[in-house]
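Remarks on the structure that follows.
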Amino acid sequence: MPQKINEKIWNSNIENIILKKWHEDRIYEFKVSNRDNYVIDTPPPYPSGRPWHMGAAAHYAQIDMIARTARMFGNNVYFPIGIDRNGLPVEIYTEKKHKIKMRQTDRDEFLNLCKISLDDLEKEMIQIMKSIGLSANFEEYYRTDSNEYRTLTQSTFINLWRRGLVYSANRPNNYCPSCGTTIADAEITYEERKTNLVYMKFKLKNVNEDLIVATTRPELIFACQCVIVNPNDTRYQKLLNKAVILPLFNREVKILSHHSAKSDFGSGAVMVCSYGDLNDVQIFRELGLKEIVAIDQFGRISENGGNYSALTIDNARKKVIEDLKNSNYIVKEQSILHRIPICERSKSPVEIIPMQDYYIKQLVFLPKLREFSSSLTFYPESHRQILLNWLDSVVIDWPISRRRFYGTEIPIWYCDNCKEPILPEPGKYYRPWKDIAPFDKCNNCGYNKFTGDERTFDTWMDSSISPLFVTKYTKDNDFFLKTFPTKIRPQAKDIVRTWLYYTMLRCYQLTEKLPWSDVWIMGYGVDEYGEKMSKSKGNVIDPFPIISKHGADTFRFWSAIEANLGQDFRCSEQKIVEAQKFLTKLW
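So for the sequence shown, this note's numbering puts the first residue at 1349; every next one is plus one.
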């Protein structure tokens, strides 16, 4: 019989005794059975800095309630815990902590510093998870940067490659200059920011007249390949197909008709450059224009920019405007709010530059994913629309290669002679930037020297196989068949378009099944004023002192009564105190 607790008033110190007992008896260890296996695809949190905030800890307390409820219904619950340790945040954290730059540091040395940072932060995160009483198997928690996990990521990539679902292409892509890498559409948000709309004089060829062109990107003028006007804009009908001279660069481009030009924006005449925005990309394709690379992979003006080459985008903009003014090309400047794409990690404006990248085919799978999504049970049902909206917005295949260090490496070597890409056999963890190629000669030309790819995968390539990893896909077939598909995916609403979607895509590509039957979507834990908690705002509440002071049961009770499913909930210690008073009476 379990020992009874005799205290009349709950003391949080008792919780340490209980936690020790759970650990010693391994009461939450999972043993697979032939039926009623209830598997939770637990989100592996990312240890990106201190502290792990109160709202995030509350999410995991709520997930634990799912696990305990399922056990009370007689299910054999598998509640795995993982830590997401790949990607950009730890690189940025390490750069700031050690006052270094990733690309100016030896790669091995930088990776080791990242690992030390993650190990340190992970200990605190696991301590908080245990302190709130998660009924998970902490003896076997996984890390997404482990050799075992990265082996599975690479093996699934090799699987898709051999089935023709991966290709390389040089095309205009989203690029974050701050992160120094390509990013996917799902990693972009949009913000309205103040900028200047610059009205410039373009001289008409052989005519003593000017065409006024308005732009927010004057620094890209050297990459302009045409000026467009709306076909219904009567002001410019007589100018169609005539030529204008680019100011500062003295090059001719034509005035063309295109429906995307808005007569009521600026002057109604728009320069089309490679590339100011996605509309430019579309027009270049439609009209067969020849691109001029404007921005290099370091986020600076390319060598095509003449006197502006190597300048940062902001500095180039200032210098171009200054030179336009000095040459009497500027009519006026107008301050406006402009909606621009922002990298969700660095919060920097995203550029569009042509890059050679690897892509996983996703467009061909969208109809099936739409069909499958109808069979998922969403809690709350209203959040199904987030997924449907994203499925409707996907217009290109998924760019998966990243020019970063701390991530799962792309397992490809290239023949030094014929440049043929060569992939190894799956089942091992490969580091092509460092390891000797695991083959003797090129199958294409017979040459025996190779260069490894230095890029890593998009971190969602790792995160998207979490239900496959925890169910031992390709490792233990009996275990996998009894546990996959999993039962439920609990997660936050802001990563529906990334983690939820990419997991659906990857698991369907690999198994032709959905990875779960239920999806449980949580809101944000916000501060007492309704603001999202962030370190930059200084409103992050560290949960550990609160749990130590008021107890895990108080914290869990607060998280249960405060949060409405799928809605944001407010975090404050005062609410914890009120919950503790109620529990004291109940106790």
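Glycine is no exception: its CB is placed at the ideal position from the N, C-alpha and C atoms.
Following the DSSP letters along the chain, one finds T1725 inside the beta strand (DSSP E) bounded by residues 1725–1727.
For the pair N1495 and D1468, the Cα-to-Cα distance works out to about 19 Å.
For V1668, the enclosing alpha helix (DSSP H) starts and ends at 1661–1674. When C-alpha distances from P1891 are compared across R1498, R1383, M1402, W1761, the shortest belongs to M1402. The Cβ atoms of V1555 and I1678 do not sit closer than 8 Å to each other. Taking 8 Å as the cut-off, the beta carbon of W1868 is found no closer than this to the beta carbon of I1843.
For I1909, no beta strand (DSSP E) segment is defined; the enclosing uninterrupted segment is the alpha helix (DSSP H) at 1900–1910. Look at the beta carbons and you see the segment 1733–1748 touching the segment 1698–1716: at least three pairs across the two are nearer than 8 Å.
Take G1481, set aside five residues on each side of it, and the residues of its chain with a beta-carbon closer than 6 Å to its own are A1900, in chain order. R1633 has its alpha-carbon roughly 13 Å from the corresponding atom of I1640. Considered as a whole, the segment 1674–1720 harbours 1678–1691, 1699–1708 as its complete beta strand (DSSP E) runs of no fewer than 3 residues, in chain order. By the Cβ neighbour-count rule, E1535 is buried, with 16 or more other Cβ atoms within 10 Å of its own.
In the three-state reduction of the DSSP assignment, I1536 falls in the strand class.
Taking a cut-off of 8 Å for Cβ pairs, the segment 1389–1398 and the segment 1432–1439 touch, as three or more such pairs fall below it. The residue among S1650, H1686, Y1584 with its C-alpha nearest the C-alpha of T1543 is H1686.
In this structure, A1405 lies away from A1911, with their beta-carbon atoms at least 8 Å apart. Residue pairing by DSSP places T1799 opposite Y1762 in a beta bridge. Rounded to whole angstroms, the Cβ separation of Y1441 and Y1386 is 35 Å, and the two are not in contact under 8 Å. Between the beta-carbon of P1566 and that of E1699 there is about 15 Å, and that puts the pair past the 8 Å contact cut. Collapsing the DSSP output to three states places N1544 in a strand. For A1418, the closest of S1483, V1561, I1366 by C-alpha to C-alpha distance is S1483. Taken in chain order, the unbroken stretches of alpha helix (DSSP H) that lie wholly in the segment 1449–1494 and span 4 residues or more are 1455–1479.
Going by beta carbons, P1863 and I1506 fall outside the 8 Å limit.
The segment 1772–1782 and the segment 1496–1515 touch, with no fewer than 3 CB-CB distances between them shorter than 8 Å. One thing to note: G1878 has its Cβ no nearer than 8 Å to the Cβ of R1904. Note on geometry: alpha-carbon atoms of T1831 and C1855 lie some 14 Å from one another. In this model, R1779 and E1757 are separated by some 6 Å (Cα to Cα). 8 Å or more divides the Cβ of G1871 from the Cβ of T1804.
DSSP places K1841 in the helix class (H, G or I) of the three-state scheme. Contact between D1764 and T1799 holds: CB atoms are separated by about 6 Å, below the 8 Å threshold.
Distance from I1569 to M1619 at the Cβ level is roughly 7 Å; contact confirmed, criterion being Cβ atoms closer than 8 Å. Excluding the 5 residues flanking it on each side, L1672 has same chain C-beta neighbours closer than 8 Å at V1546, M1548, P1566, P1595, L1596, I1678, in chain order. By the 16-neighbour rule on beta-carbons within 10 angstroms, V1561 is buried.
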